[in-house]
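All residue numbers for the sequence shown refer to our numbering, where the first residue is 75 and numbers rise by one. Reviewing the structure listed below.
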Amino acid sequence: MVVIAGKGAWPGLAAAYLHPLGRSLSIRFSVKRILGSDHSRCSDKMEDEMDIQVLVAYATKYGATAEIAEKIGQVLRQAGLRADVLPTDRVGDMTPYQAVVLGSAVYIGQWRKEAVKFLKANEMALAERAVWLFSSGPTGEGDPVELTQGWHFPKALQPVADRIRPRDIAVFHGAMDVNKLNFIEKWMIKNVKAPLGDFRDWEAITAWATAIADELKE
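See below:
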């Protein structure tokens, strides 16, 4: 059987019937031509997403904030982005990163000094990038902002944040292990009657990181 492609027919399919041995190859070639543009756009989108490199920088004392940062990095990678998770004092050149997530443990309403140093030293670079900020510290059940009586971000750093214009600022529950605290910290915790234990909300952290990934992939 010989089929000749008429006006409006698919030439690749006609070629397949004209040469039985080439039928399978030609049909695949025709389908590729038909779907090629969509496939190419999909591939380009995936490549663009993989080109986005995110820095997740953090300052921690006993490791709870570091684990939050690691979780954020994991979520970003699962979403197809590249993410480096590093303590602030180990971050070097900011050039490779298109976005930055910066977080710190909070003590008495203040970020750790290494996070403050990083924020101030890299203000101009951060202002040129998509930035998200988070704090970790409140213990106990309930909304972490309510637990801190409305505290959202260190007041002394607010002018810097205003100039950087972060996409979002989050406050997450923290964890407090009495066995890791020094004498002064134990005394302070006893006086303010802060709950002990791990109150980190991993679902909230994951949801926040997922929202970051979604925004970067738009």
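Positions of the beta carbon are idealized from the N, C-alpha and C atoms, including for glycine.
For Gln-152, there is no enclosing beta strand (DSSP E); the enclosing alpha helix (DSSP H) has its first and last residue at 138-152.
Cβ contact annotation for Val-190 (same chain, cutoff 7 Å, sequence separation greater than five): Leu-231, in chain order.
Burial check for Trp-282: the Cβ neighbour count within 10 Å reaches 16 or more, so the residue is buried.
For Val-128, the three-state secondary structure derived from DSSP is strand.
Looking from the CA of Ala-131, the closest CA among Asp-275, Arg-239 and Arg-164 belongs to Arg-164. Taking C-alpha positions only, Asn-196 is separated from Gly-214 by approximately 33 Å. Burial check for Ile-238: the Cβ neighbour count within 10 Å reaches 16 or more, so the residue is buried. If only complete runs of 3 or more residues are kept, the stretch 191-255 shows the beta strand (DSSP E) at 204-210 and 242-246, in order along the chain.
Nearest to Val-245 by alpha-carbon distance, out of Leu-270, Ala-140 and Ala-278, is Ala-278. Per DSSP, reduced to three states, the secondary structure at Leu-270 is coil, with no helix or strand assignment. In this structure, Trp-206 lies away from Val-234, with their beta-carbon atoms at least 7 Å apart.
Assigned with DSSP and collapsed to three states, Leu-160 falls in strand. Within the model, the alpha-carbon separation for Lys-194 versus Gly-216 is close to 32 Å. Under the DSSP assignment, Leu-176 falls in the beta strand (DSSP E) whose first and last residues are 173-181.
Here Tyr-181 is exposed: its Cβ has fewer than 16 other Cβ atoms, across all protein chains shown, within 10 Å. Straight-line spacing of the CA atoms in Ser-210 and Gly-177 works out to 8 Å. Here Thr-169 is exposed, its C-beta having fewer than 16 other C-beta atoms within 10 Å. Here Ala-173 really is in contact with Ile-126; their C-beta atoms are around 7 Å apart, less than 8 Å.
When C-alpha distances from Phe-208 are compared across Lys-254, Arg-151 and Gly-248, the shortest belongs to Gly-248.
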